[in-house]
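Trainee: Reading the sequence shown from the start, the letters are residues 8 to 363 in the numbering used here.
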Amino acid sequence: MKKNRLINFLLLLPVLFSPLATKAALVPCGTSEHPEVCTLCHFIVGIKNIIDWGMGILTFVAIGAIVLGGIFYIISAGNQEMMKKAKTIIIQTLTGFAIVLGAWLIVTYSMYIIGSSNRDGVMRTDGAWYEFTCDTVSNQAAIDIGSISTSTTTSPTSSTVASAAVDSSGDCLNAAMPGAQTCTGYSCISTCGSISSYVSAISSASSSYNVSENLIRGVICRESSGNTNAIKNESDGTMSCGLMQVNVDTQAECEYLTEHPAENIMQGTASLSARIAQAQKTMDSHGYNTVEVEEMAAAAYNCCANGEDPNSPSNDCTAANDWGLVPKWACPIDPGTSEFNMCAVKDYACSVGSCE
8 MKKNRLINFL LLLPVLFSPL ATKAALVPCG TSEHPEVCTL CHFIVGIKNI
58 IDWGMGILTF VAIGAIVLGG IFYIISAGNQ EMMKKAKTII IQTLTGFAIV
108 LGAWLIVTYS MYIIGSSNRD GVMRTDGAWY EFTCDTVSNQ AAIDIGSIST
158 STTTSPTSST VASAAVDSSG DCLNAAMPGA QTCTGYSCIS TCGSISSYVS
208 AISSASSSYN VSENLIRGVI CRESSGNTNA IKNESDGTMS CGLMQVNVDT
258 QAECEYLTEH PAENIMQGTA SLSARIAQAQ KTMDSHGYNT VEVEEMAAAA
308 YNCCANGEDP NSPSNDCTAA NDWGLVPKWA CPIDPGTSEF NMCAVKDYAC
358 SVGSCE
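1. Is the segment 233 to 245 close to the segment 208 to 216, with three or more CB pairs under 8 Å?
2. Suppose only complete runs of 4+ residues qualify. What are the alpha helix (DSSP H) ranges in the segment 214 to 261, listed by chain order?
3. Under the rule that 16 or more other beta-carbon atoms within 10 Å means buried, what is residue 152, buried or exposed?
4. Would you call the segment 219 to 234 and the segment 199 to 206 touching, i.e. three or more CB-CB distances under 8 Å?
5. Using CA atoms only, rank isn't needed, just tell me which of 305, 322, 50 is closest to residue 358.
6. Look up residue 340 in the DSSP assignment and say whether it is helix, strand or coil.
7. Using 8 Å as the threshold, is the C-beta distance between residue 363 and residue 271 below it?
8. For my contact list, residue 76 and residue 97 are in at a C-beta cut-off of 8 Å; report their separation, rounded to the angstrom.
9. From this set, 54, 301, 290, which residue's C-alpha is nearest residue 279's C-alpha?
10. Nearest to residue 52 by CA position, among 110, 106, 68, 115, is which residue?
11. Based on DSSP bridge pairs, tell me the residues matched to residue 320.
12. Which whole-angstrom value describes the C-beta separation of residue 268 and residue 298, a residue pair presumed to lie in contact below a C-beta threshold of 8 Å?
13. Express the C-alpha separation of residue 239 and residue 276 in angstroms, rounding to a whole number.
14. Could you have a look at residue 295 and say whether DSSP puts it in helix, strand or coil?
15. Quick one: grab the DSSP three-state call for residue 188.
16. Within 10 angstroms of the Cβ of residue 57, are there 16 or more other Cβ atoms? Answer buried if so, exposed if not.
17. Is residue 332 closer than 8 Å to residue 449 when the C-beta atoms are compared?
18. With a 10 Å radius around its C-beta and 16 neighbouring C-beta atoms as the bar for buried, classify residue 206 as buried or exposed.
19. Helix, strand or coil for residue 199, going by three-state DSSP, please let me know.
20. Identify whether residue 88 lies in helix, strand or coil by the three-state DSSP scheme.
21. Please state the DSSP three-state secondary structure of residue 276.
22. What is the DSSP secondary structure of residue 358, reduced to helix, strand or coil?
23. Between which two residues does the alpha helix (DSSP H) carrying residue 308 extend?
24. Please report the distance separating the alpha-carbon of residue 255 from that of residue 274.
25. Spatial neighbours of residue 303 within its chain, please: C-beta separation below 6 Å, excluding the five flanking residues on both sides.
26. If you count every other CB in all the chains shown that lies within 10 Å of the CB of residue 307, and 16 or more means buried, which is it?
27. Helix, strand or coil: which one does DSSP assign to residue 266?
28. Can you look up residue 103 in the DSSP assignment and give me helix, strand or coil?
29. Residue 258 to residue 106, Cα distance in whole Å?
30. Do you know how far the Cα of residue 89 is from the Cα of residue 83?
31. Write down the C-beta distance between residue 338 and residue 361 rounded to the nearest angstrom, noting that I regard them as a contact closer than 8 Å.
32. Report yes if the CB atom of residue 309 is closer than 8 Å to the CB atom of residue 356, and no otherwise.
33. Alpha carbon to alpha carbon, how far is residue 104 from residue 59? Give it in angstroms, no decimals.
34. Exposed or buried, what is residue 288 when buried is set at 16 or more other beta-carbons lying within 10 Å of its beta-carbon?
In structure tokens, the structure reads:
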């Protein structure tokens, strides 16, 4: 009896310690492999990993027990005691598996009900009833400086004025000469605030929408300076919220996006990806040769709440005055003085576009 117990114990050791052997963290945080700060979402992920791991082990053990019971039944050769023992093993195994499977269904469906009925909660469901998503990005490192708008602008050091018609104030002082690349001299700013806390979220969004991680970081730094709580009330009544200043209609949506940075980054990147695609079509249609697609996408991401398209051809910069065909934001002539003036858009487009 003792020998059998020892054998059973030794057989169970590889199963019990398989996560250690594979260095698999059931709760993926606070380790050398997963250095992220632990959040409530990580706790939920840990529970799901334990359940999945347990179900896998249980399935393996159940199949083994049923096979063992079948072997006992086959070799019983009419021995009633062995046949009874074989039946008992099979029945108890199936009963135990059914109980655990039922418990899994109850717990999983309960999590589905919670997730699907509470969009603003830490967990929600996307797609299948047994799949969940939640935000694993910690807000611990986020800088809470209240509501802010777009970060301060950064211009290159050169200051060549193209002509007397060029606005000589602000960012338009840095206008390129006609025919030259519009954004020459700008450099990317992709490190700001608590952006290092969102590396995994940026990587995930980049993979999902095939957008450069550096470009996403550039948008975050210009839109919110890395502050997940940034909120701006737009002139059209909407709100721009969170790291990538995603535009929404309601306060509830805005609060959700500030409280869930990973979702904010995913939605912002989806919007940026759509603008890249549209910018490419516009580029192909008009044949602009002094700007880049990424710069045009950044301009469209930034402008404009009044419905103006910054990438449509300029009426002031034309072939007649040697500028050729350029988008509105790339023309320093009569850029306007309102919130949507094209000089500010140019500064944004050039600094973010250089992050590609």
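Just so you know, even glycine gets a beta-carbon here, dropped at the ideal spot from N, CA and C. Keep in mind the model is a prediction, meaning the values are calculated, not measured.
Mentor: Taking the geometry as given:
1. no
2. 220 to 231
3. Caution is warranted here: a pLDDT of 31 is assigned to residue 152, below 50, making its placement in the model unreliable, and the coordinate value is therefore given only provisionally. Under this definition residue 152 is an exposed residue.
4. yes
5. 305
6. strand
7. no
8. 4 Å
9. 301
10. 115
11. 334
12. At roughly 31 Å, the Cβ-Cβ gap does not stay under 8 Å, so residue 268 and residue 298 are not in contact.
13. 19 Å
14. coil
15. coil
16. exposed
17. Any property of residue 449 remains undetermined from this structure, which presents the chain solely from 8 to 363.
18. exposed
19. coil
20. helix
21. helix
22. helix
23. 300 to 309
24. 11 Å
25. 286, 318
26. buried
27. helix
28. helix
29. 44 Å
30. 5 Å
31. About 19 Å; that fails the 8 Å criterion.
32. yes
33. 14 Å
34. exposed
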